[in-house]
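Visitor: Sequence order for the protein chains is D and H.
8 is the number of the first residue of the first sequence in the numbering used here; add one for each residue after it.
25 is the number of the first residue of the second sequence in the numbering used here; add one for each residue after it.
Where is the CB? At the ideal position from N, CA and C, for every residue including glycine.
As the structure is a prediction and not an experimental result, all values here were calculated from the model.
Could you have a look at this structure, given as C-alpha cells, before my questions?
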Amino acid sequence: MSLLEISGLSAAYGAVAALSGLDLAVEEGEIVTLLGANGAGKSTTLRCISGLLAPTAGDIRFAGTAIAGLHPERVVRLGIAHVPEGRRVFPGLTVRENILLGASNRHSTRAARARDAEEMFALFPDLVRFADTRGWMLSGGQQQMVALARGLMARPRLLLLDEPSLGLAPLIVQQVFRIIARIRETGTTVLLVEQNARIALGVADRGYVLETGRLVVAGKPEALWNNEDVRAAYLGGKRLSEESRT
Amino acid sequence: MTIILQLLFTGIGIGAVYALVALGFVLIYRATNVVNFAQGQFAMLGGYCMVITTVDLGLPYWLGVVISLVVMALFGALFNLGVYYPLRHRSFLPVVISTIGASILITNLVLALYGPEPTTLPGMTDYPGISFGAVFLDAQYLVIIATTLALVILQYFFFEHTMVGKKMQAVSQDKEMASLLGINVTGMIMLTFTYSAVLGGIAGILVAPILFVSVGLGAQIALKAFAASIIGGFGDVPGAIVGGLLIGVAETLGAFYISVPYKDAFAFILLFAFLLIRPQGIFGEKIAQKA
C-alpha cells in the first residue's frame with residue numbers, strides 16, 4: 008500500500024475544470040515531484056489533498072484512510088502538512104511564533120513545542136537571528152525557511168511543498184533544495200510541486216508531468232529529463248503531442 | 025489648571041468606555057474582516073442585564089455583574105452562530121448588512137420588552153469618590169478607568185503570551201493558512217465574538233450609572249467607538265484604546281469650553297479632522313503586507 012494513493016481525482020473552480028481524472032501514488036520515504044506549466048493542476052492537486060478544495064470526483068487515500076473532502080484541520084492531524092505557494096508566513100507574528108504554531112495539529116506541552124522549535128532553529132540556523140522578527144519584515148528566502156520549519160513542526164509523514172523556489176535567488180533556491188533533501192533523510196515523504204523542473208528532478212525519486220489537469224507522463228527523473236516532449240514543453244513551451252500521452 | 029485636570033479625568037473615564045466598545049469592533053474586524061455594527065447594542069444589553077438583575081430582581085450588585093457577563097458571553101456565541109456563521113463564506117457586504125439587521129432587531133426587542141423610557145442604574149459603590157485638592161475623582165469614573173486598564177493588560181497578556189492568543193492572531197491574519205496548521209478557525213472566531221460581546225457588556229455595565237439606560241444607548245456609544253477605532257487606525261488594538269480616550273477627552277473639553285449642546289459633535293469633528301489629515305489613523309499601516 009502506498010502512503011498516498013490518488014485515483015480518478017477531478018476538481019474544479021466554479022465551472023472551470025482544473026483536474027480531470029488524475030491517478031498518482033507516493034510511496035513512503037520518496038520525494039515525488041509534480042511538474043507542469045501554469046494552470047496544469049499541480050497546486051490544485053495539493054489543495055485537494057490538504058482539504059482546501061473539495062474534489063468533484065475521485066478518491067484520495069492516505070495510509071489507507073479516505074481523506075477526500077475532509078476539512079484541512081482534520082487532514083493535518085492525520086499527518087499531512089501543506090506548505091502553500093507564497094509561503095503564507097503570518098505577517099504580524101514573529102518567526103518563533105510562526106514556527107510554534109506549526110505544532111497546532113497535535114497536543115503537546117509548551118516545553119515539548121519549545122524543544123521542537125529549537126530543533127527547527129538547528130535545521131535552519133539562518134533563522135536564529137530573526138527569531139523575534141515579525142514575518143512581514145523577512146526576505147522571501149527567510150520566509151520560505153520559516154514556512155518549511157512551520158510545516159515540519161507538524162511532524163508530518165507527508166509534506167506537501169508548493170513552489171518552494173518561486174521568487175527566490177538561485178543561491179537561496181539551492182539552499183532550500185538541500186534542506187528538502189535532508190527532510191527526506193529524516194524519514195518524511197515529500198510531494199513537491201515545482202515550475203523549476205531541473206532542480207526538482209535533481210532531488211526527486213520520481214516525477215509526474217501534468218498538462219491542463221491531466222497526467223501526461225510519469226517516470227524516473229532521468230527518463231523525464233531525456234524525454235524530448237517534456238523538454239520541449241518546458242524549454243519551448245510547446246504542447247505535448249497526442250502520441251506521447253499513451 | 026484644576027479645571028483642566030478635572031475635565032481630563034472625566035474625559036478619560038468616558039473615553040475608556042468608548043475604548044472598550046472600539047476594542048470589540050477591532051477584534052471582530054481582525055478575526056472576520058467585517059465590521060460588526062451591533063457592537064454598541066452589546067453595550068446596551070449589558071446595561072439592561074444589570075437593570076433587570078439588580079434593580080428589578082433586587083440581586084446583589086456583584087451577582088448582577090456575574091450574571092450579566094455570562095449572559096453576554098452566551099449572547100456573543102449565539103450572535104456568531106446566527107449572524108456571522110451562516111454568511112462566513114460570503115463577501116464583506118452581506119455580513120455587514122446582517123449585523124445591521126441584528127442591531128435593529130436587538131434594539132426593537134428591547135423596546136418591545138422594556139419600553140422607551142430610560143431607566144437608571146445605581147453606581148457600583150455608594151462611596152462618592154476621592155478629592156485631590158480641588159479635583160474630585162468620582163468613584164464610578166475610577167471604577168471605569170481601573171476596569172479598562174485591567175482589561176487592556178489582561179488582553180495584552182492573553183494575545184502576546186498564550187498559545188490561544190497566538191492562534192487567534194494567526195486566524196485574523198490568514199484563515200486558510202491557520203486551518204492548514206490545524207488551528208480550529210471556527211472555534212477561534214466563536215471565541216472572538218464571545219469575548220467582544222463580554223467587552224461590550226462590560227462597557228455597558230460601566231457606563232450605565234453615568235448615562236441613562238435606554239434603547240438609544242447602543243447607537244450613542246457605538247458611533248463614537250467607531251469613530252475612535254478609525255482615529256486610532258482601523259484594526260489596530262492600541263489605536264482603538266488611544267482613539268477612545270482621545271474622543272472622550274475631546275468631547276469633555278469641547279462641552280466645557282465651547283458648547284454643551286454640541287457635545288456629541290466634537291467626536292465627529294475630530295474624526296473629520298483625522299480623515300482629512302491622517303486618514304490611516306494614528307497607528308495605521310503598521311503591519312505592511314509583503315508578497
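1. Over what stretch of residues does the beta strand (DSSP E) that includes residue 28 of chain D continue unbroken?
2. With DSSP collapsed to three states, give me the class of residue 108 of chain H.
3. Report the rounded CA-to-CA distance for residue 229 of chain H versus residue 67 of chain H, giving the unit in angstroms.
4. The beta strand (DSSP E) with residue 133 of chain D in it runs from where to where?
5. Should residue 207 of chain D and residue 51 of chain D be called a contact, given that it needs their Cβ atoms to be closer than 7 Å?
6. Can you list, in chain order, the residues of its chain whose CB lies under 8 Å from that of residue 15 of chain D, leaving out five sequence neighbours each side?
7. Rounding to the nearest angstrom, what Cα-Cα distance links residue 91 of chain D and residue 11 of chain D in this structure?
8. In chain order, what residues of the segment 83-116 of chain H put their CB closer than 8 Å to some CB of chain D?
9. Along chain D, which residues have their Cβ under 8 Å away from the Cβ of residue 208 of chain H?
10. Considering only the alpha carbon of each residue, which of D:153, D:112, D:117 lies closest to residue 163 of chain D?
11. With 9 Å as the limit, tell me which residues of the segment 182-203 of chain H have their beta carbon closer than that to any beta carbon of chain D; keep them in chain order.
12. Give, in chain order, every residue of the segment 126-138 of chain D whose Cβ lies closer than 9 Å to some Cβ of chain H.
13. Run down chain H in chain order and give the residues with a C-beta less than 8 Å from the C-beta of residue 161 of chain D.
14. Quick check: the Cα distance between residue 31 of chain H and residue 266 of chain H, rounded to an integer number of angstroms?
15. In chain H, what lies closer than 9 Å to residue 91 of chain D by C-beta?
16. Decide if residue 203 of chain D is buried, meaning its Cβ has at least 16 other Cβ atoms within 10 Å, or exposed.
17. Residues of the segment 105-126 of chain D in Cβ contact with chain H at a cutoff of 9 Å, in chain order, please.
18. Tell me, please, which residues DSSP counts as bridged to residue 162 of chain H.
19. When the Cα atoms are used, what is the spatial distance from residue 151 of chain H to residue 160 of chain H?
20. According to DSSP, which residues form a beta bridge with residue 218 of chain D?
21. List the residues of chain H whose Cβ lies closer than 7 Å to the Cβ of residue 83 of chain D, in chain order.
22. Along chain H, in chain order, which residues have C-beta atoms closer than 9 Å to that of residue 59 of chain D?
23. Would you tell me roughly how many angstroms separate the C-alpha atoms of residue 36 of chain H and residue 277 of chain H, rounded to the nearest one?
24. Going by DSSP, what residue range makes up the beta strand (DSSP E) through residue 79 of chain H?
25. Counting only runs that start and end within the segment 42-97 of chain D, where is the beta strand (DSSP E) found for 3 or more residues in a row?
26. When you compare each of H:98, H:209, H:138 to residue 113 of chain H by their alpha carbons, which one comes out closest?
27. Below 7 Å on C-beta distance, what does residue 189 of chain D contact in chain H?
28. Indicate whether at least one CB of chain H lies closer than 7 Å to the CB of residue 286 of chain D.
29. At 3 residues or longer, what runs of the beta strand (DSSP E) sit wholly inside the segment 240-274 of chain H?
30. Does the beta-carbon distance from residue 48 of chain H to residue 294 of chain H come in below 7 Å?
31. Does DSSP put residue 310 of chain H in a helix, a strand or coil?
32. Of the choices D:175, D:166, D:47, whose alpha-carbon is the least far from that of residue 190 of chain D?
33. How far does the beta strand (DSSP E) with residue 15 of chain D in it extend, from its first residue to its last?
34. Determine, using beta carbons only, whether residue 101 of chain D and residue 136 of chain D come nearer to each other than 7 Å.
35. Would you decide whether residue 281 of chain H is buried or exposed? Buried here means 16 or more other CB atoms lie within 10 Å of its CB.
36. Near residue 87 of chain D, what residues of its chain come up, given a Cβ to Cβ distance below 7 Å and the 5 sequence neighbours on each side ignored?
Guide: Quick answer:
1. 23-33
2. helix
3. 7 Å
4. Taken as a continuous stretch (DSSP letters only), residue 133 of chain D belongs to no beta strand (DSSP E), as it is neither H nor E.
5. no
6. 28, 29, 30, 64, 65, 66
7. 18 Å
8. none
9. 80
10. D:112
11. 187, 190, 191, 193, 194, 196, 197, 198, 200, 201, 202, 203
12. none
13. 205, 206
14. 17 Å
15. 200, 201, 204
16. buried
17. 105, 107, 108, 109, 110, 111, 112, 113, 117, 120
18. H:153
19. 13 Å
20. D:221
21. 204, 205, 206
22. 200, 203, 204
23. 11 Å
24. From DSSP, residue 79 of chain H is part of no beta strand (DSSP E); its letter is neither H nor E.
25. 64-69, 87-90
26. H:209
27. Ordered by position in chain H, no residue passes the 7 Å Cβ test against residue 189 of chain D, which lies about 22 Å from the chain.
28. Missing from the structure shown is residue 286 of chain D; chain D here goes from 8 to 253 and no further.
29. none
30. no
31. Per-residue confidence for residue 310 of chain H stands at a pLDDT of 48, beneath the threshold of 50, marking its modelled position as unreliable; no derived number is given.
32. D:166
33. 11-20
34. no
35. exposed
36. 56, 57, 69, 163, 165, 167
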